[in-house]
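Asks: Keeping their order, the protein sequence lines are chains D and W. Take the first sequence: its letters are residues 1 to 469, numbered as in our numbering. Take the second sequence: its letters are residues 470 to 649, numbered as in our numbering. Glycine residues also receive a C-beta, built at the ideal position from the N, C-alpha and C atoms.
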Amino acid sequence: MLRRIFHRVRDGVEDRTGLLEAVGKMARHLVPPDAKWWYVFGSATLCAFMIQVISGIALAFSYIPSASQAYSTLQFISDDAPFGHFLRGLHYYGASAMVLMVGLHMAQVFLFGSYKFPRELNWATGVLLLGFTLVMGFTGQLLRWDQNAVWSVVVGAEQAGRAPFIGKWLAHFTLGGDTVGGATLTRFFAIHVFIMPALIFAFVGLHLWLVLRHGISEPPKAGKPVDPKTYRQEYKELIEKKGRPFWPDAAWRDTVFCVGMIVAIAALALFIGAPQLGKPPDPSIIAASPRPDWYLLWYFAVLALLPHGSEKYIMIFGPLLVGILLIALPFISNRGERSPSRRPWAIAAVLMIVLMIAALWAEGVKSPWSPNFKAQPLAPFVVGATNGPVFIGAQLFHSKGCLNCHLIGDDGGRHGPDLTDVASRLPRSQMILRISNGGVNMPAYAANLTPADMDALVAFLQTRKIQRR
Amino acid sequence: MNESNNNNTQSGQRHAPTPEEITRRRFLARLSLVAGGVGALILTVPVAGFILAPFFMRTTEVWRSVGKVDSFKIGETKAVDYEDTSPLPWAGVTARSAAWLRRVNADTFIAFSINCTHLGCPVRWLAEANLFMCPCHGGVYYQDGAVAAGPPPSPLPRYPVRVQNGEVQIQTAPIPISKK
C-alpha cells in the first residue's frame, strides 16, 4: 500500500519535473573501464566542499559577524555550544582536506595529461577553483577574528598595497577603511560566506558540465598521443565498446574514499579539535606574532626568504604569473603524449613543486627568521661564570636582544648565525667588527654599546667554543 | 505565437523569415537586451557603490589624548593606545590603535607607528637594546625608526604628536601601507 503511494507520488513528480531521468542519465554516463582509484580526488574535493557548506551553515547559526562580537561567539561555539568544538574542528579539517584534495586532483590530472585536448577548459576552471579554495582558506582564517586574524588582515592589506597604481585603494578595500575596524570583518564574512561559495558552486557546475561533455579521461597509455583530429572519435569508440556506467561501477570508489575522508576529518575534529582561539582582536595588543594556517605557511616562508627589495614584484606578480601559467598550460600544450612515463619533465615538475612547498612549509613551521622574544637569560651552567666580564657579557647578550636572533646551545633564536661555537671561527677583532658594524640582517651596535659593554660581550663570545676531542 | 505560425507553411515546414520579421525580431531582441541592461544597471550601481565605497572614503584625522605629560619619563619609549578616528558602533576592541611614544625631553615627544614597513606586523621595542624588532620576518629599526636590519623597505613612519592642556595627543592616522 505504502509502496504503491510512494511510486505514484514519485511517478507524478517525475512526470512533471523529469529530474530522475536527467540525474539518472548523468549518473549513468559511461566512463572508461580502468578509471579507478586515481580518479577519486575530484569527487573528494567536492565532498570536502560539501562538508564545509554543511558545517559552515551550522556555525552560522551562532556566529555573529560583528567586529565586537565575533570573538565571543566563537568562544561560545568552542566552549559552551553542544557539538560546537566538534563543528569548528570539522570546518577547519574540512578546509584542510579541501586544499589537500584539490592539490592531489590537480597533480593527478597534470601527471595523466588529462588537461590536454579537448579538456583544456576543464583544467582552466579547475585552476580557478583552486584559487577560490585558497581565498576561502584565507578568509576563513580571518573569520576566527582573534589577534592572529586581525594582524593577518593587516599583512594582507600590506601585500595588496604593493599592487601598481591601485595598491592604495586595494589596501583600503581590504581593511574596509583606513584601519582595522568595524567594517573589516563584515566584508570578509560576505566574501567567505556568499561570494566565494557562489563562485565555487557556479564553477563546480561548469567543471562538472565539462566533465560530462568531454567524458572522464581514460588512463594514459605510453605511445598513444593525443591528436585533436582523431581523439574525439577514438574516445567515443572506446566508451561505446568498453565504457561502464559511472553509477555504480565507478561511483562506489568515490563514495568509499569520501566516507573514509569524512571519518578521518571527524576523528581529527573530535580528538585534536580546531585551533585554539588566540588573544582578543585588539590591534593595540602589540605582543603578536601573526601566522597563517598550515596551508599558507609555505607562502609565509616565501615572503620571509625573498631577497630584500624584490618583495614588491614577487608578492603581486608572483601569484599572478603562477595563475596565468597554470591556466595557459593546456593552451600551450594540448596534444602529444599523456603518459607520465613519456613525460619525465611532468613528473619532475610535480616532484619539484611538492618538494619546494614541503621544504618551504617546514621552514614556515620553524620560522627561523622570526626573532625569539621568549628567550630567557642564559642559565649559569651555559654561561660558565657567575661574575666577571663573561657573566656581564652573557647578560648583555640577552638584554641587547642578541639572544632573540642567535642560538647559544639550545637557547635563543635562529634568525642569525648559531653562535654556540663562534669562538672557533671568529677571532676577537672580527667579533668586534661585526658587532659594531652589523650586516644585512643585523643592526650595528657601535652606538649602542660602551667600550666596557663591548669588552664584556666579546669576552662572553670568546668562551663559546665546543670542546672537541 | 503568430510569428511561429507565420514561419510555418501548412505542411508544417519552416520558411525563411521575411525582412520585416527579421527587423521585428531584431527589435525585440535588442529591446530585451537593453531593458535587461537597464535593470542590471539599476541594481549594479548602488550595490557596487555600497561595496566599493571604502575605496573612496577618506576620514579626517583627529587628535587623541594618550596620557598626561607627567606620566611619561624622559627618554622612555612606551606603547600607548587610543581610539581610531571614527569607529563604527560595532567595532568593539578593533577600534583601538597603538603607537610607540617616546618623550625626548620636557616638551618634545616622538610617536612611531607600530606597523613594520615590511608587511605591517606589530614591532616591539627592546628598551635595553634601543631597537624596534618585528616578530614576523625579523625586521629591525634603530631608535630613530631608521632601518637597522632585515627586510623593511623604509623607516618606521612617525605620527604627529602635540601637548595640549598637559595632555599628550597623537594624531590618528591610517595604517601605513608601504609602496616599496
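(1) Could you spell out the range, first to last residue, of the beta strand (DSSP E) harbouring W/TRP594?
(2) D/ASN148 versus chain W: which residues are under 7 Å apart at the beta carbon?
(3) Contact criterion: CB-CB distance below 7 Å. Does D/SER179 meet it with respect to chain W?
(4) So with Cβ pairs under 7 Å, would you call D/SER114 a contact of chain W?
(5) Do D/PHE117 and D/PRO228 have their CB atoms nearer than 7 Å?
(6) Please list the residues of the segment 524-543 of chain W that have a C-beta atom closer than 7 Å to any C-beta atom in chain D, keeping them in chain order.
(7) CB-CB under 6 Å to D/ARG4, same chain, minus the five flanking residues each way: which ones, in chain order?
(8) Which residues in chain W sit within 9 Å of D/LYS374, going by Cβ to Cβ distance?
(9) Would you call the segment 599-608 of chain W in contact with the segment 498-516 of chain W, where contact means no fewer than 3 C-beta pairs closer than 8 Å?
(10) For chain D, check one thing: does any of its Cβ atoms lie closer than 7 Å to the Cβ of W/THR563?
(11) Would you report the Cα separation of D/PHE138 and D/TRP345, rounded to the nearest angstrom?
(12) Would you report the Cα separation of W/SER473 and W/PHE496, rounded to the nearest angstrom?
(13) What are the boundary residues of the beta strand (DSSP E) that includes D/TRP298?
(14) Answer yes or no: do D/LEU185 and D/ALA67 have a C-beta to C-beta separation smaller than 7 Å?
(15) Any Cβ of chain W within less than 7 Å of the Cβ of D/ASN441?
(16) State yes or no: is the beta carbon of D/LYS487 nearer than 7 Å to at least one beta carbon in chain W?
(17) Excluding the 5 residues preceding and the 5 following D/ASP418 in the sequence, name in chain order all residues of the same chain whose CB lies nearer than 6 Å to its CB.
(18) I'd like to know if D/HIS308 contacts chain W, where contact means its C-beta is closer than 7 Å to some C-beta of that chain.
(19) Work out the CA separation of W/ILE511 and D/ASP254 for me, nearest whole Å.
(20) Are there 16 or more other CB atoms within 10 angstroms of the CB of D/GLU218, so buried, or fewer, so exposed?
(21) Measure how close the beta-carbons of D/PRO371 and D/HIS415 come, nearest whole angstrom, since I'm counting them as under 8 Å.
(22) What residues in the segment 567-587 of chain W bring their beta carbon closer than 8 Å to a beta carbon of chain D?
(23) Expressed to the nearest angstrom, what Euclidean distance is found between the alpha-carbon atoms of W/VAL507 and D/TRP252?
(24) In chain D, which residues lie less than 9 Å from W/LYS547 when you measure between Cβ atoms?
(25) How big is the Cα-Cα spacing for D/GLU240 and D/HIS207?
(26) Short check: CB of D/ALA269 to CB of D/TYR93, under 7 Å?
(27) May I ask you to list the residues that DSSP assigns as paired with W/ARG494?
(28) 7 Å is my cut-off, CB to CB: does D/PHE61 come that close to chain W?
(29) Taking Cβ positions only, does D/HIS172 come closer than 7 Å to chain W?
(30) To the nearest angstrom, report how far apart W/VAL538 and W/GLU597 are at their CA atoms.
(31) Less than 6 Å separating the Cβ of D/VAL180 from some heavy atom of the ligand MN?
(32) Please go through the same chain and pick out, in chain order, the residues whose beta-carbon is closer than 6 Å to the beta-carbon of W/ASP550, but skip the five residues on each side of it.
(33) Given this structure, state the Cα-to-Cα distance separating W/SER555 from W/ALA642, to the nearest angstrom.
(34) What residues of chain W sit near D/TRP361, judged by a beta carbon separation below 7 Å?
(35) At least one CB of chain D closer than 7 Å to the CB of W/PRO591: is that the case?
(36) Return the CA-CA distance between D/VAL53 and D/ASN122, expressed in angstroms with no decimal places.
Replies: Quick look at the numbers:
(1) 593-595
(2) Per Cβ cutoff of 7 Å: no residues; D/ASN148 is ~11 Å from chain W at best.
(3) The sequence shown places Thr at residue 179 of chain D, rather than the Ser named in the question. Yes, contact with chain W.
(4) no
(5) yes
(6) PHE524, MET526 and THR528
(7) none
(8) The contacting residues do not exist; D/LYS374 stays about 11 Å from chain W at best.
(9) no
(10) yes
(11) 32 Å
(12) Residue confidence is low: W/SER473 scores 46 on pLDDT, short of 50, so the model does not pin down where it sits. Its coordinate-derived value is still stated next. Going from the Cα of W/SER473 to the Cα of W/PHE496 covers about 17 Å.
(13) From DSSP, D/TRP298 is part of no beta strand (DSSP E) but of the alpha helix (DSSP H) over 297-305.
(14) yes
(15) yes
(16) Coverage of chain D is limited to positions 1 through 469, which leaves residue 487 of chain D absent and any answer about it impossible.
(17) LEU407
(18) yes
(19) 45 Å
(20) buried
(21) 5 Å
(22) ALA567, ILE583, ASN584 and HIS587
(23) 49 Å
(24) Going along chain D, no residue has its Cβ under 9 Å from W/LYS547, so there is no contact; the nearest lies around 11 Å.
(25) 23 Å
(26) yes
(27) DSSP, once it has assigned bridges, lists no residue as partnering W/ARG494.
(28) no
(29) yes
(30) 23 Å
(31) Of the ligands one can find in the structure shown there are none, so the ligand MN has no counterpart to examine.
(32) ARG565 and ALA567
(33) 11 Å
(34) Those do not exist, as D/TRP361 stays about 16 Å from chain W at its closest Cβ, beyond 7 Å.
(35) yes
(36) 23 Å
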